[in-house]
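Some notes on the structure that comes next.
Numbering (UniProt numbering), first residue to last: 1 to 94.
Structure follows, in structure tokens:
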């Protein structure tokens with residue numbers, strides 16, 4: 001599998017919401033979610049994308065994304081990812 005097509009690579013450029021100034025940028029990183037203090041990004045590895053939590057202002061690594069381990073039986077559902085240690089998202093069916 002070829003990751004680079006015609007020399008193009010995914011890149012994230014983080015901008016300040018108030019004045020539009022660039023805060024940081026990184027190649028082979030795609031922004032997934034953010035709350036203003038931290039962002040979840042997917043960093044491209046050799047054969048997969050690794051989710052990371054980064055500081056929204058500096059782009060420095062804040063920690064790995066933790067996934068909740070919920071037994072779903074044979075439903076085929078995947079666990080929900082959460083960016084912090086104090087929160088956990090669990091989807092339940094009705």
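The beta carbon of each residue, even a glycine, is placed where N, CA and C say it ideally should be.
Return the bridge partner residues of residue i from the DSSP annotation.
i, result
"residue 14", "24"
"residue 54", "39, 61"
For the beta strand (DSSP E) containing residue i, list its first residue and its last residue.
i, result
"residue 34", "29-34"
"residue 44", "38-44"
"residue 65", "First-last for residue 65: undefined, no H or E at that position."
Count the other C-beta atoms from every protein chain shown that fall within 10 angstroms of the C-beta of residue i, then say buried if there are 16 or more, exposed otherwise.
i, result
"residue 30", "exposed"
"residue 60", "exposed"
"residue 39", "buried"
Using 8 Å for Cβ pairs, my map puts residue i next to residue j. What's the rounded Cβ distance?
i, j, result
"residue 97", "residue 34", "Summary: the structure shown does not reach residue 97, with the chain confined to residues 1 through 94, and so no result is reported for it."
"residue 62", "residue 51", "Going by Cβ atoms, the distance from residue 62 to residue 51 rounds to 12 Å, so no, they are not a contact pair."
"residue 27", "residue 11", "5 Å"
May I ask whether a heavy atom of the ligand MN can be found less than 7 Å away from the beta carbon of residue i?
i, result
"residue 57", "Only the bare structure without any ligand can be found here, which leaves the ligand MN out of the picture."
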